[in-house]
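K.L.:
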Amino acid sequence: VVLRRRERVAALPPRRPPARLPVALPRPRPPAGARQASRTVSAVAAPIKVPPPPRKVTRPSQPPPAFLGRLLTGAMIGLAIAGGAYVSTTDEATFCGWLFKSTELVNPLFALLDAEFAHRLAVSAAAHGFVPREKRPDPPVLGIEVWGRNFTNPIGLAAGFDKNAEAVEGLLGLGFGFVEVGSVTPQPQEGNPKPRIFRLKEHGAVVNRCGFNSEGIVVVAKRLGAQHGKRKMEETSSSSDVKQGGKAGPGILGVNLGKNKTSEDAGADYVQGVHSLSQYADYLVINVSSPNTPGLRQLQGRKQLKELVKKVQDARDEMQWAEDGPPPLLVKVAPDLSKQDLEDIAAYSLSTLLKTQIISNTTISRPPPADAHPLAQEAGGLSGKPLFDLSTQVLRDMYIRTGGKVTLIGCGGVTSGEDAYKKIRSGATLVQLYTALAYGGPALIPRIKAELAECLERDGFKSVQEAVGADFKPLK
Ligand SMILES: Cc1cc2nc3c(=O)[nH]c(=O)nc-3n(C[C@H](O)[C@H](O)[C@H](O)COP(=O)(O)O)c2cc1C
């Protein structure tokens, strides 16, 4: 037995010099069988040394993290070079198209967020340049001249998206023909308590009761002043032959003025807005149609509107203007006006210099099918798809009443190029949207422009201007 055990011991592999172990590692225990063998052997033949069982090899079985890191970095650089090489063979227009299309990937993520938070994030992204920039020229058929200014396309961003003029550059860069900031109130104010924006997703609609949350004219004037200077410089240093559109660059900027909730003198509020902001604006809007500021909509009444517009016009005209003159004054009206109100506003528009109207703001009504949505009961103004028919009907009424002599901006429920085309045929010279952008993201803008160009060409129009009010003209 002893011999057999000795033979077994001799069969064990020769002892190797101990591999260096990290200090903190416990010395591995020999397996139980070997310990037993060792005890038995020493009891019978003491001097025989039993070599310890082979130690665990410390050779790492997995590559160390540093190695993995290098591998990953290498792979990323490789991918970037390959991607860059591929992109460099792609023309700018295709690449730009991809960029816009790729923004559709993040829309579902935005939809998961609280509506107002998602909106803040979108404004911030546009303010910091994290949105695609349109490099493709607009189809020439979309070009239109209004107020002696060239718009490369008639699709604008409506007020309320960039209330405090934080992201004018980024938003114009998305390819809008014009961007309207505001409504801006003279004093900063918080607006209504949150939550105050509600998505009626199934209907492509929103109910909001923001109540003119605004950083106030001082902050907005500072921002616009800085941007104005920058845009002017970029324009002078630009070698492109883009004809100047607005006061401070190719894009056209509107400033929408509101009043403070607690202000007793609405006229004085709008006059303050004119004094502080009109030098940066290509056009100024008197917003008298938000449903979320008590008493505001009453300013659309015949007498009140007349007095208000006169005050604002005088304030504007008393200022000193360069040879291109003061910005035109517009009024933004509600889609819930009575026939009498419409008639009064039309008559007033025709008899004064108030030669442009934005039709319309949000509605206090709940057009079907959105009325059945549980959130339709929330107080506030409804915008988006269900507003389209109502606001287009008011637009048509106003176009007929003013005989095409007043420039109209059609706004409310536009989600496609076909919708924009319908507004134009109904009498709109320019078109605005907001809610569709919240649902569709930046990719919506080039799509709407391409569809609108297609509609115009399909029906044989050589320009937007030719199609304005086409529904009321004899067929060509
Ligand atoms: C959240 C939100 C805030 C708005 N804020 C303003 C505003 O401050 N001033 C204004 O004139 N219109 C405001 N609007 C109205 C829009 O400018 C636009 O007239 C209306 O939404 C209809 O267009 P749409 O259906 O394309 O959204 C707001 C709309 C929404 C949805």
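Counting in this note's numbering, the sequence shown runs from 286 upward without gaps. From the three backbone atoms N, C-alpha and C, an ideal C-beta is built for every residue, glycine too. Values in this document were obtained by computation on a predicted structure and should not be read as measured data.
So residue 597 is in the alpha helix (DSSP H); what residue range does that whole segment cover?
P.N.:
Residue 597 -> alpha helix (DSSP H) spans 587-603.
K.L.:
If contact is defined by three or more beta carbon pairs under 8 Å, each pair taking one atom from either stretch, is the segment 590-605 in contact with the segment 552-561?
P.N.:
The segment 552-561 vs the segment 590-605: in contact.
K.L.:
Using a Cβ-based criterion (distance less than 8 Å to any ligand heavy atom), does residue 555 qualify as near ligand 1?
P.N.:
Not under cutoff, so the answer is no.
K.L.:
Using three-state DSSP, classify residue 495 as helix, strand or coil.
P.N.:
Coil.
K.L.:
So what does residue 565 bridge to, in DSSP terms?
P.N.:
Answer is none; residue 565 lacks a bridge partner.
K.L.:
Give every residue of the same chain whose Cβ lies closer than 7 Å to the Cβ of residue 434, excluding the five residues on either side of it in the sequence, and list them in chain order.
P.N.:
If we look at residue 434 and ignore the five residues flanking it on each side, its Cβ neighbours are 530, 531, 537, 567.
K.L.:
Report the rounded CA-to-CA distance for residue 705 versus residue 737, giving the unit in angstroms.
P.N.:
So the two alpha carbons sit approximately 7 Å from each other.
K.L.:
Which term fits residue 479, buried or exposed, when burial requires 16 or more other beta carbons within 10 angstroms of its beta carbon?
P.N.:
Per the 10 Å Cβ criterion, exposed.
K.L.:
Does the distance from the CB of residue 670 to the CB of residue 635 come in under 9 Å?
P.N.:
Result no, Cβ atoms of residue 670 and residue 635 do not sit closer than 9 Å.
K.L.:
Between residue 493 and ligand 1, is the CB less than 8 Å from at least one heavy atom?
P.N.:
Because some heavy atom of ligand 1 lies under 8 Å away, the Cβ of residue 493 counts as near it: yes.
K.L.:
With distances taken Cα to Cα, identify the nearest neighbour of residue 502 among 515, 486, 512, 468.
P.N.:
Among 515, 486, 512, 468, the Cα nearest to that of residue 502 is on 468.
K.L.:
Can the beta-carbon of residue 423 be found closer than 9 Å to that of residue 462?
P.N.:
Yes, these two residues count as a Cβ contact at 9 Å.
K.L.:
Which stretch, first to last residue, makes up the alpha helix (DSSP H) that contains residue 457?
P.N.:
Its alpha helix (DSSP H) spans residues 453-458.
K.L.:
Whose CA, out of 642, 454, 581, lies closest to the CA of residue 547?
P.N.:
The shortest C-alpha separation from residue 547 is found at 581.
K.L.:
By Cβ distance, which residues of its chain are closer than 6 Å to residue 494, with the 5 residues on each side in sequence left out?
P.N.:
If we look at residue 494 and ignore the five residues flanking it on each side, its Cβ neighbours are 477, 481, 577, 664, 665.
K.L.:
What are the boundary residues of the alpha helix (DSSP H) that includes residue 441?
P.N.:
Premise fails: residue 441 lies in the beta strand (DSSP E), 440-442, not in any alpha helix (DSSP H).
K.L.:
Classify residue 446 as buried or exposed, calling it buried when 16 or more other Cβ atoms lie within 10 Å of its own Cβ.
P.N.:
It is buried - the Cβ of residue 446 has at least 16 other Cβ atoms within 10 Å.
K.L.:
Quick check on the DSSP output: what are the complete beta strand (DSSP E) runs of length 3 or more inside the segment 650-710, in order along the chain?
P.N.:
Whole beta strand (DSSP E) segments, 3+ residues: 666-669, 692-696.
K.L.:
For ligand 1, is there any heavy atom lying closer than 8 Å to the beta carbon of residue 643?
P.N.:
Because some heavy atom of ligand 1 lies under 8 Å away, the Cβ of residue 643 counts as near it: yes.
K.L.:
Does the count of Cβ pairs from the segment 449-462 and the segment 484-494 closer than 8 Å reach three?
P.N.:
No, because fewer than three Cβ pairs between the segment 449-462 and the segment 484-494 fall closer than 8 Å, the two stretches do not touch.
K.L.:
For the putative contact between residue 473 and residue 500, defined by C-beta atoms under 8 Å, what is the C-beta separation to the nearest angstrom?
P.N.:
Between residue 500 and residue 473 the Cβ distance is about 5 Å, and since that is below 8 Å, they are a contact.
K.L.:
Compute the minimum distance between the beta carbon of residue 497 and the heavy atoms of ligand 3, and state whether it is under 8 Å.
P.N.:
Looking at this structure, you won't find ligand 3 anywhere; what it does contain is ligand 1.
K.L.:
Distance, Cα to Cα, residue 728 vs residue 430?
P.N.:
Distance between the alpha carbons of residue 728 and residue 430: 25 Å.
K.L.:
Let me know the secondary structure DSSP gives residue 641 once reduced to three states.
P.N.:
It is a strand residue.
K.L.:
May I ask you to report which of helix, strand or coil DSSP gives residue 449?
P.N.:
Residue 449: coil per DSSP, three-state reduction.
K.L.:
How long is the line joining the alpha carbons of residue 586 and residue 562, rounded to whole angstroms?
P.N.:
Using only the alpha carbons, I get a separation of about 26 Å.
K.L.:
Sorted by chain position, which residues of the same chain lie with C-beta nearer than 6 Å to residue 381's C-beta, five sequence neighbours on each side aside?
P.N.:
Excluding sequence neighbours, residue 381 sits near 420, 421.
K.L.:
In whole angstroms, what separates the C-alpha of residue 648 from that of residue 589?
P.N.:
Roughly 21 Å between the two C-alpha positions.
K.L.:
In whole angstroms, what separates the C-alpha of residue 409 from that of residue 740?
P.N.:
Near 34 Å, if we compare the C-alpha coordinates of residue 740 and residue 409.
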